Amino acid sequence: MNRVLLFVPVIFFAILGFVFYTMMEHDPSELQSARLNQPFPAFQLTDLEKPELTRDQSALQGEPMLVNVWATWCPACRAEHAYLVHLAEQKNVAIIGLNYKDQRQAANEWLVKLGDPYRFSIFDQEGRLGLDLGVYGAPETYVVDADGIIRYRHVGVVNEKVWQEKLSPWFPAISGSGVPAS
Amino acid sequence: MNPLRSFFLSLALSMIVGTSLATVDVYEFSDEDKYERYKVLTEELRCPKCQNQNIADSDAQIAKDLRQEVHRLVEAGQSDDQVVSFMVERYGDFVRYRPAMEGAMLGLWWGPVVIVLTGIPLLVFWVRRRRQADAGSIERGLDDQEKQRLKRLLDKDEGDRQ
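Line by line, the protein sequences are chains D and S. Letter by letter, the first sequence follows residues 0 to 181 of numbering that gives the first Met the number 0. Letter by letter, the second sequence follows residues 0 to 161 of numbering that gives the first Met the number 0.
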């Protein structure tokens, strides 16, 4: 009986060690989206490139897609832009842009200069849709499934690793390991 | 005024200006009560970006946006609960510095009480049992047979050592 008691601290330490180990990967600044597993919030906003066109949430259905929150004032958005272009062109991933608190002209110039990975971009100048989504800093990338339900949110730059590990599982029709990153 | 003095004076003045500019939003409130509620709410809502600041303190863009939103909602006549649940709906329980007492929070609040309440009777039970056992063995002492056995063991022990 007393022998067993001697092992209690060791077991306790092992459990603690395991808990800490699992937390090593966890980034506390990355919040889980409060909108997870909920429909994409309703909106009515103009298209970035074609201001006369109004977009709403019904456009985010039919196939799994990425909704990428971006802006020209956001340096990290610039960093990930080339990879988004790669995803759209090489892997044919459906990406919708959410141009967040930006200037229309500057945003359009950016797309001309750096390439346009987006099927279309929603122009959210006031950040109201961003607020409804719970965006707290660009870039953020949401996975929206074929039914228009938000399945995942990635905060920060999207790159090969993020695509492979976090995003591609939501796109079963696209082979994740096909073309290596350029 | 000598140059050094004017230098320090201007340095001091620049600091005053710097601090007062830092967190001034200009919001108009239709009445004092709404202003008070705005103050309390922005102090109780946590900035999602900077994490260890409330939205009243933070200079982050998102904190500014949320302050503006709180102002808008308060002016629109929403209750404190409505404003908080508006934020929680979008940013999760994380944004509350005063989380609701439900779900996992219940464990945090009542867990210690449960542990203490079950611990005290257990402790009392164990101490009593041990005391009774101790008292019993002292009072009873050893009977003749046990004395003989003890002697034998001690003798044997002595023998082993030599």
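Using N, Cα and C, we set each Cβ at its ideal position, and we do this for glycine too. None of the values given here were measured: they were computed from a predicted structure.
Within the continuous alpha helix (DSSP H) that includes residue i, where are the two ends?
i	result
valine 134(D)	Premise fails: valine 134(D) is in no alpha helix (DSSP H) and is neither H nor E.
arginine 2(D)	1-5
asparagine 83(S)	Before going further, note that residue 83(S) is valine rather than asparagine in the sequence given. Where valine 83(S) is concerned, the enclosing alpha helix (DSSP H) stretches over 79-90.
valine 66(D)	Run containing valine 66(D): none in the alpha helix (DSSP H); it sits in the beta strand (DSSP E), 64-69.
Indicate the three-state DSSP secondary structure (helix, strand or coil) for residue i in the structure shown.
i	result
proline 182(D)	What is shown of chain D runs 0 to 181, which leaves residue 182(D) out entirely.
arginine 152(D)	strand
serine 32(D)	coil
phenylalanine 7(S)	helix
glutamine 183(D)	Residue 183(D) lies beyond the stretch modelled for chain D, which goes from 0 to 181, so this question has no answer here.
valine 178(D)	Annotation note: pLDDT 46 at valine 178(D) (below 50); position unreliable, coordinate value reported separately. Coil.
leucine 141(S)	coil
glycine 147(D)	coil
leucine 20(S)	Any answer about leucine 20(S) is weak, because its pLDDT of 46 lies below 50 and its placement is not dependable; what the coordinates show is given next. Leucine 20(S): helix per DSSP, three-state reduction.
aspartate 115(D)	coil
methionine 104(S)	helix
tyrosine 141(D)	strand
leucine 52(D)	coil
tyrosine 99(D)	strand
Can you find a C-beta in chain D that's less than 8 Å from the C-beta of residue i?
i	result
glycine 102(S)	no
glycine 106(S)	no
isoleucine 54(S)	no
arginine 89(S)	yes
isoleucine 114(S)	no
phenylalanine 93(S)	yes
aspartate 24(S)	no
glutamine 50(S)	yes
aspartate 133(S)	no
For the beta strand (DSSP E) holding residue i, just list the boundary residues, first then last.
i	result
isoleucine 121(D)	120-123
Would you mind giving the Cβ-Cβ distance between residue i and residue j, rounded to the nearest angstrom? I have them listed as a contact below 8 Å.
i	j	result
threonine 41(S)	arginine 71(S)	13 Å between Cβ atoms; not a contact.
proline 63(D)	valine 142(D)	7 Å
isoleucine 60(D)	alanine 172(D)	A small correction: the amino acid at residue 60(D) is glutamine; isoleucine does not occupy that position in the sequence shown. Glutamine 60(D) to alanine 172(D), Cβ: 16 Å. No contact.
alanine 137(D)	tyrosine 82(D)	Actually they do not touch by this definition, with Cβ atoms about 15 Å apart.
leucine 113(D)	histidine 80(D)	5 Å
glutamate 43(S)	arginine 97(S)	6 Å
leucine 47(D)	alanine 106(D)	6 Å
Chain S beta carbons: is any one of them nearer than 8 Å to that of residue i?
i	result
tyrosine 135(D)	yes
alanine 41(D)	no
glutamine 102(D)	no
aspartate 131(D)	yes
glycine 126(D)	yes
glycine 177(D)	Bear in mind that the predicted position of glycine 177(D) carries a pLDDT of just 46, short of 50, making it unreliable; the figure below should be weighed with that in mind. Judged by the 8 Å Cβ criterion, glycine 177(D) is not in contact with chain S.
Using a Cβ-based criterion (distance less than 7 Å to any ligand heavy atom), does residue i qualify as near the ligand SAM?
i	result
asparagine 98(D)	Because no ligand of any kind appears in the structure shown, any question about the ligand SAM cannot be addressed here.
Checklist line | Residues of the segment 20-44 of chain D with Cβ closer than 8 Å to any Cβ of chain S, in chain order | finding: Pro27, Ser28, Leu30, Gln31, Ser32, Ala33, Arg34
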